[in-house]
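In order, the protein sequences belong to chains P and B.
Residue 33 in our numbering is what sits at position 30 of the first sequence, and the numbering runs on without skipping anything.
Residue 92 in our numbering is what sits at position 87 of the second sequence, and the numbering runs on without skipping anything.
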Amino acid sequence: DAGVTQSPTHLIKTRGQQVTLRCSPKSGHDTVSWYQQALGQGPQFIFQYYEEEERQRGNFPDRFSGHQFPNYSSELNVNALLLGDSALYLCASSLEGHPYEQYFGPGTRLTVT
Amino acid sequence: AQKITQTQPGMFVQEKEAVTLDCTYDTSDPSYGLFWYKQPSSGEMIFLIYQGSYDQQNATEGRYSLNFQKARKSANLVISASQLGDSAMYFCAMSLFDRGSTLGRLYFGRGTQLTVWP
Chain P
4 DAGVTQSPTH LIKTRGQQVT LRCSPKSGHD TVSWYQQALG QGPQFIFQYY
54 EEEERQRGNF PDRFSGHQFP NYSSELNVNA LLLGDSALYL CASSLEGHPY
104 EQYFGPGTRL TVT
Chain B
6 AQKITQTQPG MFVQEKEAVT LDCTYDTSDP SYGLFWYKQP SSGEMIFLIY
56 QGSYDQQNAT EGRYSLNFQK ARKSANLVIS ASQLGDSAMY FCAMSLFDRG
106 STLGRLYFGR GTQLTVWP
């Protein structure tokens, strides 16, 4: 049973560039949430996707956008990168109606120089 | 507003001893869940244990148990018989179950770094 997978593992970008991160949910899960974890902090909720739509969003600017595909996989896009966007980006998947089962992927570590 | 507080930035425990990691939470919603995750240096967030607000008994999963005191709004994690591999960052998190607008969203604390020494 495949768990949550994310790609790439690491990424280095320059300020002002754009980046796309990818997530495949755990088999059988249909809901994907994205979190940003800055160094030394707990994860912060970015947004959640269900049925290919953004269902809820945390306190992040519009530079952060996403997409969910029919196979439930998801992408996180960040435009006009800032140094402060450097963080570990975590994807979590769950099954609609079962919010108590949330499984995380290994994360993508983004460094903005 | 929902808030999770972990007041111990770091904890040290000797191998084979038990350790308690503290977590308090704040919410006015009656239906919620409390989670503990382990995050090794590799970065992956590993689910350890879950407690629902209406559960009558404290949750247990192997060496992990959750000491849930609803009136005090605390959800401490107890790790029995610590192992060297338990050294990691531990996060307490909460999710609300009655608000459709935030269903499934996890609110995290700042974490506690646990070090197990031989």
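Beta carbons are placed, not taken as given, at the ideal position from N, Cα and C, and that holds for glycine.
- Within chain P, no residue has its CB atom less than 9 Å from the CB of TYR69 (chain B), the nearest being about 16 Å off.
- For the pair GLN7 (chain B) and TYR95 (chain B), the CB atoms are not nearer than the 7 Å cut-off.
- Neighbourhood of ARG112 (chain P) in chain B, by CB distance below 9 Å: GLY48, in chain order.
- Among the CB atoms of chain P, none fall inside 7 Å of the CB of GLY90 (chain B).
- GLN13 (chain B) sits close to THR117 (chain B), with the two beta carbons spaced by under 7 Å.
- Using a Cβ-Cβ cut-off of 7 Å, PHE48 (chain P) counts as an interface residue toward chain B, since at least one Cβ of chain B sits closer than that to its own.
- Following the DSSP letters along the chain, one finds PHE107 (chain P) inside the beta strand (DSSP E) bounded by residues 101-107.
- Within the same chain, and ignoring the five residues on either side of GLU66 (chain B) in sequence, the residues whose Cβ sits closer than 6 Å to its Cβ are ILE54.
- Residue-level contact by beta carbon holds for PHE107 (chain P) and chain B, with a gap shorter than 7 Å.
- Per the DSSP secondary-structure output, VAL24 (chain B) pairs in a beta bridge with B:ILE84.
- For ARG110 (chain B), no beta strand (DSSP E) segment is defined, and its DSSP state is neither H nor E.
- In this structure, ASP33 (chain P) sits away from GLU104 (chain P), with a CB-CB distance that is not shorter than 7 Å.
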